[in-house]
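What follows is a single structure, written as structure tokens, with notes after it.
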Amino acid sequence: MSPSIAQRHVFICITPLQVLIAQRIIADLIAQPAQIIGLYLPYADTAKHRHYFAKLQAVCDQAAFVVLKNQTWQQRFATLHQLKHTLKRLNLWQQPVERVYLASVDVLFLQYVIAKINFHQLYTFDDGTANIFPNSSYHQPLPKSRAMQAFKKLLGVRYADVGAVLAASQAHYTIFADEKNVIANTIPIALYKDLPSPLVHNQPIDKTDKTDQTVKRLLLGQGLDTFIGEAAYRELVQTMVTRFAIDAFVPHPRERLDFGALLPVLATDNIIEDYVMAELHQHPNQVIEIYTFMSTAVFTLKDLPRTRITLVYNRALWQQFVEAYQFLVSRGFRLVDIDAPNREGSV
-9 MSPSIAQRHV FICITPLQVL IAQRIIADLI AQPAQIIGLY LPYADTAKHR
41 HYFAKLQAVC DQAAFVVLKN QTWQQRFATL HQLKHTLKRL NLWQQPVERV
91 YLASVDVLFL QYVIAKINFH QLYTFDDGTA NIFPNSSYHQ PLPKSRAMQA
141 FKKLLGVRYA DVGAVLAASQ AHYTIFADEK NVIANTIPIA LYKDLPSPLV
191 HNQPIDKTDK TDQTVKRLLL GQGLDTFIGE AAYRELVQTM VTRFAIDAFV
241 PHPRERLDFG ALLPVLATDN IIEDYVMAEL HQHPNQVIEI YTFMSTAVFT
291 LKDLPRTRIT LVYNRALWQQ FVEAYQFLVS RGFRLVDIDA PNREGSV
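The working numbering applies: residue -9 is where the sequence shown begins, and numbers increase by one.
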């Protein structure tokens, strides 16, 4: 017997990582008969987003892909119209469902969507790391202008702010079990079910014995030219490539500079977590070394076997992002001051 309209579970994702988390919730925690509906609502239509939409589709009975466009008021209204049309097509518009699962609680478009679904229960899950970073907009939300408050009221969005959405959540699914979350009532889940072996030839990894081991060193970019300038960012990447013998550059989705003349640039539709997992499974004698600045991806990578993480900073980065670096240090990550060779930070 197929589930009734009310026995539906709706998952709303806007990033590939959210899709991975939604997959785990669906696979591990929804035991009762239910219809699964997935909404993938990214801010751009790219091959990577389409790749992860296909992953979401694979675990859903119905799914839809809508690009959130918000550069102009005309785009915003067009997006709202498309969202309404999509909800009606999926028979969700002002219809009962059992549960809605939401990650990005601060996005107006998503607040609009959940305001138009008559859900019985709301559950949240990790947006990325905004849930655990103490200085994020989740923990310190910016006040909304009177114009925005009036606009939300006009749209019928009944959630005044992020706190109102969080207060409606029954519980929060998290892949960061050891971290303080924005919601106290958390349900820990694993991002990956089948981890690669942590052993090399059935022996623990020996950092001093490289005979049977290969090491792949990746640099995760972060588009820092916006903050420190193009020339300074290029010089920083060049210094890291030389000092750490980097094998490949992993561009940030908003990376504007091309480092292809300096080193190979990783071209894949997989996000870094899936890429590293595939590498570890395919190469059981390989160790992955991740170098980056303050990428929040380190939180999802740090517990993977045969993976080592190094965070790098210089004076300019430290001055601009001191709170982020201090938080990362407090979580046990290794920091290296690139301005002081062979010195590790331990602030």
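Built from N, CA and C at the ideal position, the CB exists for glycine as well. Everything numeric in this text was worked out from a predicted model, so none of it was measured.
**OP:** Would you check if the distance between the CB atom of I179 and the CB atom of A161 is smaller than 8 Å?
**Re:** no
Subject >> Residues bridged to K134 (per DSSP) >> reply: Answer by DSSP bridge pairing: none, since K134 is not bridged.
**OP:** Could you spell out where the beta strand (DSSP E) holding F55 opens and where it closes?
**Re:** 52 to 55
**OP:** Report yes if the CB atom of S159 is closer than 8 Å to the CB atom of L100, and no otherwise.
**Re:** no
**OP:** Leaving out five residues on either side along the sequence, give the residues of the same chain with a beta carbon under 7 Å from the beta carbon of Q52.
**Re:** I27, L80
Original post:
Since R244 contacts D215 with CB under 8 Å, what's their CB separation in whole angstroms?
Top reply: Wrong, their Cβ atoms sit about 10 Å apart, outside the cutoff.
Original post:
From K183 to K206, what does the alpha carbon distance come to, in whole angstroms?
Top reply: 23 Å
Subject >> V255 in three-state terms, based on DSSP >> reply: strand
Subject >> DSSP state of A161 mapped onto helix, strand, coil >> reply: strand
Original post:
Considering only residues of the same chain and omitting the five flanking positions on each side of A120, which have a CB-CB separation below 7 Å?
Top reply: S126, S127, Y128
Original post:
What are the residues that DSSP puts in a beta bridge with K170?
Top reply: Paired residues: none, contrary to the question.
**OP:** Buried or exposed for N275, please, with buried defined as at least 16 other CB atoms from any protein chain shown within 10 angstroms of its CB.
**Re:** exposed
Subject >> Three-way DSSP call (helix, strand, coil) for F123 in this model >> reply: coil
Original post:
With burial defined as no fewer than 16 other Cβ atoms inside 10 Å of the residue's Cβ, what is the status of E88: buried or exposed?
Top reply: buried
Subject >> Whether F239 touches L256 by CB criterion (8 Å) >> reply: yes
Original post:
Quick one: is P241 buried, meaning 16 or more other Cβ sit within 10 Å of its Cβ, or exposed?
Top reply: buried
Original post:
Just to confirm, are V312 and F283 a CB contact at a threshold of 8 Å?
Top reply: no
**OP:** Look at K38 and D259 and say whether their C-beta atoms are less than 8 Å apart.
**Re:** yes
Subject >> Alpha carbon of A157 to alpha carbon of K143, nearest angstrom >> reply: 19 Å
Subject >> Bridge partner(s) assigned by DSSP for E279 >> reply: R207, R298
**OP:** Would you identify the three-state DSSP class for T350, choosing helix, strand or coil?
**Re:** Nothing about residue 350 can be reported from this structure: the residues present for the chain run from -9 to 337 only.
**OP:** Alpha carbon to alpha carbon, how far is K59 from Q228? Give it in angstroms, no decimals.
**Re:** 35 Å
Original post:
Using a Cβ-Cβ cut-off of 8 Å (strictly less than) and excluding sequence neighbours within five positions of A150, which residues of its own chain qualify?
Top reply: K134, Q139, K142
Subject >> Own chain residues within Cβ distance below 8 Å of L77, not counting five before or after >> reply: W83, V103, K106, I107
**OP:** Determine the closest residue to K74 out of L29, L181, P254, with distance taken between C-alpha atoms.
**Re:** L29
Subject >> Separation of V155 from A235, as counted between CA atoms >> reply: 46 Å
Original post:
If we ignore side chains and look at the alpha-carbon of each, how far apart do D18 and I278 end up?
Top reply: 28 Å
**OP:** Compare the C-alpha of L253 against each of I261, L291, V288, G211 and name the closest.
**Re:** G211
Original post:
Is DSSP giving E245 helix, strand or coil here?
Top reply: coil
Original post:
Hey, how far is the Cα of C50 from the Cα of P295?
Top reply: 30 Å
Subject >> Spatially closest choice to H273 from P186, V326, R224, F317, by CA coordinates >> reply: P186
Subject >> Q25 versus F1: straight-line alpha-carbon distance, rounded >> reply: 11 Å
Original post:
Going by the beta-carbon positions, is the gap between F115 and V90 smaller than 8 Å?
Top reply: no
Subject >> Nearest neighbour of L270, chosen from A287, L291, T286 [CA to CA] >> reply: L291
Original post:
What residues in its chain sit with their C-beta under 7 Å from that of I122, if we drop five residues either side in the sequence?
Top reply: F166, E169, K170, N171
Original post:
When the Cα of V57 is compared with those of P188, T5, N175, I15, which residue comes out closest?
Top reply: T5
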